[in-house]
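One structure is given below, encoded as structure tokens.
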Amino acid sequence: MVTVTINGQKVEVAPETTVLEAAEKIGVKIPTFCHDPRLKPHGSCRICVVEVKGGGNLPTACVTPVWEGMEVETESHDVVVARKEILDLILADHPLECLTCERAGSCTLQDLCYQYEIEETSFDGERTNYPIDESNDFYYSDQNKCIKCGKCVMVCDQLQQTNAIGFIGRGFETHVGTPFELGLEHSTCVSCGNCVSVCPVDSLGPKKKVKYRSWEVDKVRTTCSYCGVGCQMDLLVKDNRVVEVQPAEGVNNRMLCVKGKFAFDFLSHPDRLKKPLVRKNGRLQEATWDEAYDVITGKIKEIKEAHGPSVFAGLTSARVSTEDNYMMQKFMRAAIGTNSVDHCARL
Ligand code: SF4
Ligand code: SF4
Ligand code: SF4
86 MVTVTINGQK
96 VEVAPETTVL
106 EAAEKIGVKI
116 PTFCHDPRLK
126 PHGSCRICVV
136 EVKGGGNLPT
146 ACVTPVWEGM
156 EVETESHDVV
166 VARKEILDLI
176 LADHPLECLT
186 CERAGSCTLQ
196 DLCYQYEIEE
206 TSFDGERTNY
216 PIDESNDFYY
226 SDQNKCIKCG
236 KCVMVCDQLQ
246 QTNAIGFIGR
256 GFETHVGTPF
266 ELGLEHSTCV
276 SCGNCVSVCP
286 VDSLGPKKKV
296 KYRSWEVDKV
306 RTTCSYCGVG
316 CQMDLLVKDN
326 RVVEVQPAEG
336 VNNRMLCVKG
346 KFAFDFLSHP
356 DRLKKPLVRK
366 NGRLQEATWD
376 EAYDVITGKI
386 KEIKEAHGPS
396 VFAGLTSARV
406 STEDNYMMQK
416 FMRAAIGTNS
426 VDHCARL
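Here the sequence shown is numbered in our numbering, starting from 86 and rising by one per residue.
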């Protein structure tokens, strides 16, 4: 273990620890755009610069390992000047649309400009003007707002392993895009939305069916009901309606697939069945659960008496719990008397 002093506070950490991790351990927050503990550190955005006593420059906290006796200042005069300069440079090619921007209130760039009091850029010059790629069914890519942190590209490569997007162009023309600039629709993108979930600004955003502001929603932690992996997710709920889903920490390593991330409209769909329907006089009609169970048990008994148990089969669902699936096979085997049991996940 090595002992490091951060803002006058001593902390003991393992030798390979970075300054950012050591600071996190004692609750000192260093701002980041490009850092994500799941990705290989790359220090591209440089907003996490810190001052190290005896050092000649300002190293980036996310890629600098600690050493014995290291003394770090995370908000010194020079650090604050450097961060202001970085934000000023980012804003030199970023539209100031915060009033109507979908990310207002949950945007890291907006938060840091507020913290370091950067109202506008001091640089004059050219500005990018890319068409917004809306060709994906679930999300858009607005490269005019991209701050080149690279998180989306790395998540798609290192975690999702689809490699649908990458950096295209050089210098001022660098932007995130698809091979041959054919657009998301003609790329290998599987619409998992994991790039959308990590974008710190409104460059990649979900196509909202219901407009909402970040401060209008409650977060509800739940388990995805689509398959047996059990991904953890936060439902963003406005007026008792789910308006977005964000991945949460769990077996899924803060990743989701297209279903978990984007396919939640069924929750508030008017056609969703909430009560049992029983066919009466040729028409399906709402019934009580007692009525429905009477019909089911009556028919099962009738058919079993006439044809025996082998005419029955049970097909279970990936969208119910393991315990419910267990009960279904138990019911088919013990109560009905058939081994014909299968599961929709095999189809
Ligand atoms: S991405 Fe952030 S900084 Fe840019 S316009 Fe939207 S809220 Fe403002
Ligand atoms: S949605 Fe998924 S597959 Fe498509 S670009 Fe983003 S991370 Fe890659
Ligand atoms: S699109 Fe978003 S996540 Fe990707 S590089 Fe730009 S700002 Fe970063």
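Even glycine gets a Cβ: it sits at the ideal position worked out from N, Cα and C.
Proximal residues to residue i (C-beta, below 8 Å), its chain only, five neighbours per side dropped
i	result
Asn279	Val240, Cys241, Leu244, Gln245, Pro332, Met340, Leu341 and Lys346
Nonlocal neighbours in the same chain, by C-beta distance under 6 Å from residue i, ignoring five residues either side
i	result
Gln195	Cys183
Leu400	Asp427
Glu445	Residue 445 is absent from the structure shown; the chain starts at 86 and stops at 432.
Cys309	Cys316, Met318 and Gly345
Pro100	Val87
Met155	Val89
Given residue i as reference, the closest of the options once Cα atoms are compared
i	options	result
Val37	Thr145, Lys138 and Pro126	This structure does not reach residue 37, given that the chain is present from 86 up to 432, and the question cannot be answered.
Glu165	Gln200, Leu176 and Ser276	Here residue 165 is Val; the residue named in the question, Glu, does not match the sequence. Val165 has its Cα closest to that of Gln200, out of Gln200, Leu176 and Ser276.
Ser191	Ala348, Met412, Ser288 and Asp375	Ser288
Ile91	Val135, Val302, Pro285 and Arg298	Val135
Lys359	Gly367, Val275, Asp222 and Ala372	Ala372
Pro116	Ala107, His127 and Arg131	Arg131
Ser282	Trp300, Cys312, Gly393 and Glu329	Glu329
Val336	Pro361, Gly367, Lys293 and Val314	Val314
Thr423	Tyr411, Ser406, Ala398 and Met412	Ala398
Cys186	Glu376, His354 and Arg298	Arg298
Ala430	Met412, Thr407 and Lys415	Thr407
Cys198	Ala167, Asp222 and Arg418	Ala167
Glu160	Pro361, Lys169, Trp152 and Gly154	Lys169
Ala107	Val148, His392 and Thr307	Val148
Asn338	Pro122, Thr102 and Gln228	Pro122
Arg188	Gln414, Pro150, Lys292 and Lys384	Lys292
Gly383	His162, Ile421 and Asn248	Ile421
Ser220	Thr247, Thr103, Val157 and Glu266	Glu266
Gly290	Ala146, Arg255, Ser276 and Lys110	Ser276
Cut-off 7 Å between Cβ atoms - residues of its own chain near residue i, not counting five sequence neighbours on either side
i	result
Asp218	Tyr225, Ser226, Gly268 and Leu269
Ala177	Thr206, Phe208 and Gly210
Lys230	His179, Pro180, Val286, Asp287 and Ser288
Cys234	Phe118, Cys119, Ser129, Cys130 and Pro285
Leu362	Leu369, Gln370, Glu371 and Ala372
Leu352	Val327
Val113	Ile91, Asn92 and Thr159
Opposing strand residues paired with residue i [DSSP bridges]
i	result
Gln370	Val363
Gln94	Ile91
Met318	Thr307 and Pro332
Pro291	Tyr224
Lys323	Arg326
Asp218	Ser226
Extent of the continuous beta strand (DSSP E) run through residue i
i	result
Gly251	Gly251 to Ile253
Arg306	Asp303 to Thr308
Asp427	Val426 to His428
Val396	Val396 -> no beta strand (DSSP E), and no H or E assigned at all.
Start and end residues, alpha helix (DSSP H) containing residue i
i	result
Leu105	Val104 to Lys110
Thr401	No alpha helix (DSSP H) contains Thr401, which is instead part of the beta strand (DSSP E) from Gly399 to Thr401.
Gly345	Val343 to Phe347
Val240	That residue, Val240, is in no alpha helix (DSSP H); it is neither H nor E in DSSP.
Val261	First-last for Val261: His260 to Gly262, but that is the beta strand (DSSP E), not the alpha helix (DSSP H).
Asp409	Thr407 to Lys415
Asn279	Asn279 to Val283
is_contact[residue i, chain D] using C-beta, thresh 8 Å
i	result
Val314	Absence of chain D from the displayed structure is noted, only one protein chain being present.
Contact test: residue i Cβ vs ligand 5 heavy atom, cutoff 7 Å
i	result
Thr102	Among the ligands present in this structure, namely ligand 1, ligand 2 and ligand 3, ligand 5 is not found.
Problem set entry | Ranges of the alpha helix (DSSP H) found wholly within the stretch 115–197, counting only runs of at least 4 | Inside the stretch 115–197, DSSP marks whole alpha helix (DSSP H) runs of 4 or more residues at positions 162–176, from first to last along the chain.
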